[in-house]
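Structure first, then comments.
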Amino acid sequence: MIRSTGAGVSTRQMLNKVPEVTVWFWVIKILCTTVGESFADWINMQLGVGLVNTAILFTAVFVVVLAVQMRLRRYVPAAYWLTVVVVSVTGTLYTDILTDQYGVPLWVSTTVFSALLVVVFAVWFARERTLSIHSIVTVPREAFYWLTVLVTFALGTATGDWTLELTGWGPGRSVLLPLALIAVVTVLWRFGADPVLSFWVAYILTRPLGANIGDWLATPSSEQGLGLGTFGTSLVFLWAILATVVYLSVTRADVVEAGEPADRPVPTTNPARRRLSLAVLAGTAAATVLLLQWANQQPHTSTLAEEAAPTCASTAQLTADQAHQLAVRHFPAESLSGYRSIAQDTLDLVHTGDQAGASSRVTDLETAWDQDQDVLFGQDCATWTYLDGEVDAVLTSVRADSPAPDVQEHHLQALLTTLS
1 MIRSTGAGVS
11 TRQMLNKVPE
21 VTVWFWVIKI
31 LCTTVGESFA
41 DWINMQLGVG
51 LVNTAILFTA
61 VFVVVLAVQM
71 RLRRYVPAAY
81 WLTVVVVSVT
91 GTLYTDILTD
101 QYGVPLWVST
111 TVFSALLVVV
121 FAVWFARERT
131 LSIHSIVTVP
141 REAFYWLTVL
151 VTFALGTATG
161 DWTLELTGWG
171 PGRSVLLPLA
181 LIAVVTVLWR
191 FGADPVLSFW
201 VAYILTRPLG
211 ANIGDWLATP
221 SSEQGLGLGT
231 FGTSLVFLWA
241 ILATVVYLSV
251 TRADVVEAGE
261 PADRPVPTTN
271 PARRRLSLAV
281 LAGTAAATVL
291 LLQWANQQPH
301 TSTLAEEAAP
311 TCASTAQLTA
321 DQAHQLAVRH
331 FPAESLSGYR
341 SIAQDTLDLV
351 HTGDQAGASS
361 RVTDLETAWD
371 QDQDVLFGQD
381 CATWTYLDGE
391 VDAVLTSVRA
401 DSPAPDVQEH
411 HLQALLTTLS
């Protein structure tokens, strides 16, 4: 048997601060990851303050919840899983900021978060000589644990979104890949793979699995989803989490009892089986890369690019003059000025016959409009909806296979009139 003897053991000793890794652990973990995806989308849209401000808010909530969790001397289901839910939402928002707010490609986010996770693991192991969650019995180890969890949520979000971007798979089919990979990891763990490696690989994979399940439930039935919406999905899964936490609190089915050693030895495995399992895991990773490359080469449209625009509860039909007045009244003047400048530049390029330049410049309008969507929608959803239709008309006319100058000019002039 191999017992970990890290330096952190000399600090404040506690009972193990994480639950036993039973089937309940994985059930509630997937529930939490699903909530992280759907609730982050819903709260960001409802607050209407933008991704950055929403992330700042949840970072503050995370700090408070984590402080409460780390002050406890033993595992308490309610505190632990509340922290996981908040971490799930926060990690999702961090990735969304990089992708939606700053336009960072998903492959870059995936690479950065992967490197960050390696660094966290390296520092954790160098200090504590173990990465096992069965040894979270000191404050430093718990701090490393929660930092790792936060990074895995961000990494899982980026990896899952990048997979959808590459493949264009629908919400139902997208569930199958992470589910199959988790099944492979489970079989390898039972065969004799390193238990710590198996745990963390499965932990990362539950994030895209939960996110894809959330998308499948929330997506309208017309797009092969179940049509629950982000709010409905969040509500269902929050109730499921609450019911599971109550059950675990009553039955203590996932608690390391006081009589059991908290810092338990990690069981050894057959070296030959461990090496074989590692080779199979590497082969599975290579096969997954080849599958994604093949799917990317097939004709498809990115699922992320087809995400539906937010729906406004207001049924008011605005006129062009009303939309103009409300936009000036409710939307930031700096934003309107920026849109006008891009639209005017695009119109000038159309007039000179520079279609390639117009197509390139109109992309700046699309980017700026998408980045400001959350703020503008929260300030006046009816006006945003009107302008969004005009922006879409401009994008469609400029990017048409056979763009007509008069059609482009018509839509650009209409947008400029509303923005002026």
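Note that my numbering gives residue 371 to position 371 of the sequence shown, counting from 1, and the numbers run on in steps of one. Using N, Cα and C, we set each Cβ at its ideal position, and we do this for glycine too.
DSSP places Asn53 inside the alpha helix (DSSP H), whose first and last residues are Leu51 to Arg71. Fully contained in the stretch 82 to 134 are the following alpha helix (DSSP H) runs of length 4 or more, in chain order: 106 to 128. Short of 8 angstroms from the beta carbon of Trp107, and not among the five residues preceding or following it, lie these beta carbons of its own chain, in chain order: Trp162. Around the beta-carbon of Tyr339, 16 or more other beta-carbon atoms lie within 10 Å, marking it buried. The stretch 367 to 375 makes no contact with the stretch 397 to 404, as fewer than three CB pairs between them are under 8 angstroms. Around the beta carbon of Ala55, 16 or more other beta carbons sit within 10 angstroms, so the residue counts as buried. In the structure shown, Trp162 falls within a helical segment according to DSSP collapsed to helix, strand and coil. Taking all protein chains in view, the Cβ of Asp406 is surrounded by fewer than 16 other Cβ atoms within 10 Å, so the residue is classified as exposed. Excluding residues up to 5 positions away in sequence, Gly156, Pro178, Leu181, Ile182 and Val185 lie with their Cβ nearer than 8 angstroms to the Cβ of Leu205 in the same chain. Between the stretch 85 to 103 and the stretch 140 to 156 there are three or more C-beta pairs closer than 8 angstroms, enough to call the two in contact.
Only residues of its own chain outside the window of five on either side were considered, and among them none has a CB closer than 8 angstroms to the CB of Gln325.
Excluding five sequence positions before and after Ser277, the CB atoms of its chain that fall closer than 7 angstroms to its own CB belong to Leu188, Phe191, Gly192 and Ala193, given in chain order. DSSP places Gly168 in no alpha helix (DSSP H); its state is neither H nor E. Only residues of its own chain outside the window of five on either side were considered, and among them Ala320, Ala323, His324, Ala327, Tyr386, Leu387 and Glu390 have a CB closer than 8 angstroms to the CB of Thr418, listed in chain order. Per DSSP, the unbroken alpha helix (DSSP H) holding Ile213 starts and ends at Pro195 to Ala218. At least 7 angstroms separates the beta-carbon of Gly225 from that of Trp239.
The shortest CA-to-CA distance from Ala78 to any of Leu197, Leu281 and Asp254 is the one to Asp254.
An exposed status is given to Leu290, since fewer than 16 other beta-carbon atoms sit within 10 Å of its beta-carbon.
In this structure Gly170 is buried. Its beta-carbon is surrounded by 16 or more other beta-carbon atoms within 10 angstroms. The count of Cβ pairs closer than 8 angstroms, one atom from the stretch 346 to 355 and one from the stretch 23 to 30, stays below three, leaving the stretches out of contact.
The Cβ neighbour count for Asn212, taken over all protein chains shown within 10 Å, is at least 16; the residue is labelled buried. The alpha-carbon separation between His330 and Ala243 amounts to approximately 43 angstroms.
The three-state reading of DSSP puts Ser420 in coil, since its state is none of H, G, I, E or B. When the beta-carbon positions are compared, Ser234 and Ser38 come within less than 7 angstroms of each other. Going by C-alpha positions, Leu116 is about 28 angstroms away from Arg74.
Setting aside the 5 residues that flank it on each side, Trp369 is surrounded in the same chain by Val391, each with a C-beta closer than 6 angstroms to its C-beta; the list follows chain order. The criterion of a C-beta distance shorter than 7 angstroms is satisfied by Val35 and Phe237. When C-alpha distances from Gly160 are compared across Thr148, Ser174, Val149 and Leu150, the shortest belongs to Ser174. For Pro405, the secondary structure class from DSSP, reduced to helix, strand or coil, is helix.
Just so you know, the alpha carbons of Glu20 and Ser109 end up roughly 31 angstroms apart. Annotation: Asn270 is outside any alpha helix (DSSP H) and is labelled neither H nor E by DSSP.
In chain order, Phe191 and Gly192 place their CB closer than 7 angstroms to the CB of Arg273, counting only its own chain and leaving out the 5 sequence neighbours on each side. Between Leu150 and Gly91, the C-beta spacing is below 7 angstroms. Residues of the same chain with a CB within less than 8 angstroms of the CB of Leu416, apart from the 5 flanking positions on each side, are Arg340, Ala343, Gln344 and Leu347 in chain order. Taking C-alpha positions only, Phe58 is separated from Thr83 by approximately 11 angstroms.
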